Structure formats: structure tokens, C-alpha cells
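Single-structure report; data block below.
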Amino acid sequence: MPLRLYNTLTKKEEDFVPLKEGEVRMYTCGPTVYGRPHIGNYSSFLLADLLRRWLEVGHGMKVTHVKNITDVGHLAGDEVADAQGDDKIERQSREEKADPLELARKYAAQYIEDETALNFKEPEHRPLATETIPEMLTMIAALIERGHAYETDDGVYFDVTSFADYGKLSGNTLENLSSGARIKVDEKKKHPADFALWKKCVGENEHHILRWDSKWGEGFPGWHIECSCMSEKFLGSPFDIHTGGEDLIFPHHECEIAQSVGSRSGDSAISAGTEGAENGTNKTHVNYWVHKRFIDMGDVKMSKSLGNVLTLPDIEAMGFNPLDLRYYLLSVHYRTNLKFTKKGLEDAHKARRKIMEWMKEVEDAEVSEGVEEWDQKFSEAMNSDLNTPAALATVFDLMSWSRNENQLGACKGIVETIRSTFGCFDPEGIQEIPKEVAELAQKRLDARANKDFEASDSLRNQIQARGFEVKDTEKGQEIIKM
Ligand SMILES: [Zn+2]
């Protein structure tokens with residue numbers, strides 16, 4: 142039975158068919174590290190973690206997951222329009238009187254700490270925007286060459302009228318955008334909806350601290366370009382799945398499609414990336430766009446700008462385990478808005494405990510014949526667009542059914558499936574050191590052997606940014622998860 146996934150681009154559920162049999166390439170927009178991410182952010186990352194786990198557990202696929210860290214270029218006004226206001230990280234660094242890169246490293250480390258507590262699987266790559274500048278410069282140049290971008294006094298902009306399919310993902314037509322009062326009219330731009338690929342360090346951005354040389358002068362990248370480059374760098378193009386929170390559909394993902402498709406030679410329309418997909422049309426450089434709905438606090442959206450956010454330390458201070466939160470977030474379907482309440486979290490805590498007690502009984506029972514029909518019910522629920530509430534209902538039905546030793550013993554296999562799918566019923570093994578971190582650590586060893594301490598310090602920072610600490614001991618270099 143194939144996995145059915147709701148695709149934001151085609152606005153329907155489709156069979157998931159990977160481009161290459163048995164392998165999945167998936168990209169997730171990670172956090173902008175200017176503060177501790179809140180539980181709404183984690184609920185969106187959790188969708189990707191769940192999807193990854195189910196592709197592995199339920200379908201035996203090999204998943205390559207890329208999850209970036211945004212450490213430059215995300216401006217305060219980017220959610221409603223494009224490239225307006227302060228750089229979020231630089232603004233926070235002024236407030237904390239800290240260096241913007243150091244600040245970004247600090248919050249990136251906190252974020253990875255939270256992900257570990259929430260039992261997220263380590264993605265294969267965690268690229269940083271500041272490490273992908275050369276790829277961004279190349280893509281911007283390609284967009285200019287293909288007539289999709291132009292230079293102004295203060296930057297390089299994507300010409301939205303040059304890309305016929307702009308608006309297809311979000312449903313925002315150019316007419317709607319033109320009349321939208323939320324976009325500041327910038328005289329230098331050809332169309333109000335044109336978005337920045339590169340911002341020059343002039344005018345209001347004259348004092349931007351993070352800056353790089355380019356053929357358009359010193360500057361820094363716009364927010365959207367990084368994800369086009371980081372996804373292509375690690376996954377190629379086209380790839381299978383792109384995930385994110387629903388707030389990223391517009392403008393972020395709409396712009397990413399325009400950049401990724403527009404910069405590829407000989408192709409300026411949404412039609413690429415069709416092989417392996419159920420429908421031969423309407424695809425982008427990504428076959429499946431999957432988005433997580435917001436969490437609400439009561440009746441309002443949980444958002445940093447509204448000041449009603451909770452962080453993982455807040456949840457722990459309320460006396461809950463991070464995995465209670467993980468269960469709570471997974472108990473509601475990802476395309477339903479979860480209305481967060483303390484009562485809901487308490488119920489989640491109780492339900493999780495009940496399931497774990499049952500799992501212990503199963504563990505202690507003698508193994509007996511399997512329970513195929515329950516396996517099938519659980520898989521059907523998960524294959525139905527990751528219907529976690531239905532999957533959990535099956536777990537509770539199974540708990541009521543398995544009353545004697547023989548029945549309990551028959552549940553051993555499915556308990557393993559449930560554990561590895563949900564990831565919140567038992568502590569799992571210690572996380573391995575990702576390949577990327579191991580490579581950086583080897584480079585650091587080489588740098589130290591060559592007495593290049595500047596390089597070795599910079600490598601240590603890069604390792605830290607990925608959530609690992611390097612220690613030099615008598616036995617040599619040790620890498621520890623922070
Ligand atoms: Zn992104």
C-alpha cells in the first residue's frame with residue numbers, strides 16, 4: 142500500500158512515488174536562529190521527522206534529509222512582503238550587544254539541544270546559509286542571465302512577471318499582489334512583488350555587519366535564495382519532498398520555486414520534476430510540497446510576533462517531559478490546527494504513560510504469533526496522509542484487545558513499529574555522530590597537525606553550530622553531542 146500525501150501544489154492527496162526507487166530526498170526549512178524556537182516551530186519540524194520515520198519504518202526507504210539553519214538574510218518584514226526591515230539576527234544582536242554570528246551559533250546550539258530532547262532523528266545535512274554564499278552568487282548570476290532578475294541601486298531582484306507560474310503554490314496571483322496594501326512600493330523595483338535575491342550594503346543596509354563581496358558590490362543574500370541553493374547542493378534537482386510550516390507557503394516557498402526552476406537552463410515553467418509522480422503536470426523542482434498547520438494558543442495563532450509563544454524549557458518548567466509534548470503534537474493530524482491547552486498536555490502525558498505501561502507488559506510476555514490485522518490497520522492509518530490520531534486510536538484498540546499473555550506476546554512486533562514511528566515511548570539509542578560533523582572534526586585534526594589554529598578554531602565553531610562539542614583529551618579528539 143503506497144503512502145498518500147497531501148500536496149500543497151496540486152491541492153490533493155497523491156500516492157507518494159520517489160524519483161529513485163527505495164530512496165527519498167527531502168528538504169526542510171529550518172529555523173532562523175535569532176531566539177529559541179517555540180513549540181509551534183518544533184511542531185512543524187516534527188512533521189518532517191514523522192514523515193522521515195514512516196518512510197523508513199513503514200516503507201523501508203532510505204531517506205536523505207537536509208534541514209538548513211538560517212543565520213543571515215531573514216528580514217523582519219519577510220513574512221508579509223519581501224526584504225523589508227531589519228535583519229532579524231542583526232536586530233537581536235544589537236539588543237544582546239553580541240556579534241551576530243556568535244548569537245546565531247548560540248541559538249543554533251539551543252535549537253539542536255531541543256531537537257535532541259524531542260528525540261528528532263539527526264538529518265544527514267544541516268547546512269548554514271552563511272556557508273552557501275558562493276552557490277547563491279552563482280544562482281543569482283544565472284537568474285540575471287536568463288532574464289529572471291535585474292540589478293537596482295540597492296540590490297538584485299527577481300522579476301516576478303518573468304515567471305509565468307509565480308503564484309501557483311500559494312494561489313497569490315500577481316493582480317492580487319499588486320493591489321495588496323501590505324507591499325511597500327519601491328520605485329526602483331519593476332513590480333511591487335519583485336523580491337530581493339541580493340541586498341547591497343547601501344542606504345538602510347549600509348551598516349549590515351554580515352557582508353560578502355559580489356559582482357554587484359558588497360552585500361548579503363535575500364532570505365529565499367538560500368533554500369534554493371542548499372536544497373540543490375545536497376539533493377540535486379528535482380528532488381522528492383519539501384516540508385515547512387504553512388506560513389512558509391508564501392512568500393518563501395513561492396519564491397524558492399521561481400528561483401530554482403527559473404535558474405535551470407531551458408526551463409521556465411512548472412513542469413519539471415515529473416518523473417515518478419502520480420500526475421505528469423503541475424510539478425516544480427520538488428514533487429511533493431507538504432506543509433504543517435499552525436498551533437493555536439486558545440483561538441489565536443502561536444507566534445513570536447504576538448508574544449504568546451511557549452518554548453521547550455517552558456514546557457519542562459510546567460513539569461512535563463519533552464516527549465509528552467512530542468506525543469501531544471503527534472496526537473493531532475498535521476493538517477489540523479492544534480489548539481494548545483495545559484489540559485491537553487496533561488491528557489497527553491497520561492495517555493503516553495498508559496501506552497508505555499502496556500508496552501512494558503508486552504515486553505515481559507512470551508513471544509507468540511503475530512497480529513497482522515493490527516499491523517495493517519496501523520499502516521493504513523499512517524499511509525493515509527500520516528493520520529496519527531487514527532494510528533493512535535488503533536494502538537488503544539489493540540491495548541484493549543491484548544488482555545492475556547498470549548495476545549500480549551503477539552504484540553511485540555507492532556510495538557517496535559509504534560515506537561520507531563512515534564519516537565516518544567522510550568528513550569532510543571544514543572545519537573550517532575553525523576558524517577558531516579565527523580568530516581569537520583577530521584579537517585580540524587589536520588589543521589591542528591599543521592599548526593593552523595585559525596582554521597582549527599573556525600572548524601570548532603562549525604562543529605558547535607551543528608550541536609556538537611570537540612574536546613582534546615589525552616586519547617585524542619572527542620566529539621560530544623551538546
Ligand atoms: Zn526555506
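Start counting the sequence shown at 142; every next residue gets the next number (our numbering).
A virtual CB, placed ideally from N, CA and C, is assigned to each residue, including glycine.
Just so you know, these numbers come straight off a predicted model, no measurement behind them.
Within a 10 Å sphere around the beta-carbon of N148 sit 16 or more other beta-carbons, which makes this residue buried. 9 Å or more divides the Cβ of W195 from the Cβ of L470. Residues with their Cβ less than 5 Å from any non-hydrogen atom of ligand 1, running along the chain, are C170, C368. The beta carbon of M371 sits closer than 6 Å to the beta carbons of N209, P268, T273 from its chain, once the five residues preceding and following it are set aside; these are given in chain order. Counting only runs of 3+ residues, no beta strand (DSSP E) is found wholly inside the region 218-287. The straight-line gap separating the alpha-carbon atoms of E595 and F380 is approximately 37 Å.
Annotation for Y291: the continuous beta strand (DSSP E) segment containing it runs 290-292.
Membership of A305 in any beta strand (DSSP E) is not indicated, and neither H nor E is assigned to it by DSSP. Rounded to the nearest whole angstrom, the C-alpha separation of G511 and D505 is 16 Å.
Distance from the CA atom of V204 to the CA atom of T384, rounded to whole angstroms, is 14 Å. Per DSSP, the continuous alpha helix (DSSP H) segment holding H490 begins and ends at 483-505.
Assignment of I390 by DSSP, reduced to helix, strand and coil, places it in the helix class. Residue state for V556 is assigned as helix, using DSSP reduced to three classes.
Cβ neighbours of A531 within its own chain (closer than 6 Å, five residues either side excluded): A522. Within a 10 Å sphere around the beta-carbon of L447 sit fewer than 16 other beta-carbons, which makes this residue exposed. Counting only the Cα atoms, E557 lies some 20 Å from M142. DSSP links Y298 through a beta bridge to Y291, A337. Counting only runs of at least 3 residues, the region 451-484 fully encloses the following beta strand (DSSP E) elements, listed from N- to C-terminal order: 479-481. Per DSSP, reduced to three states, the secondary structure at M438 is strand.
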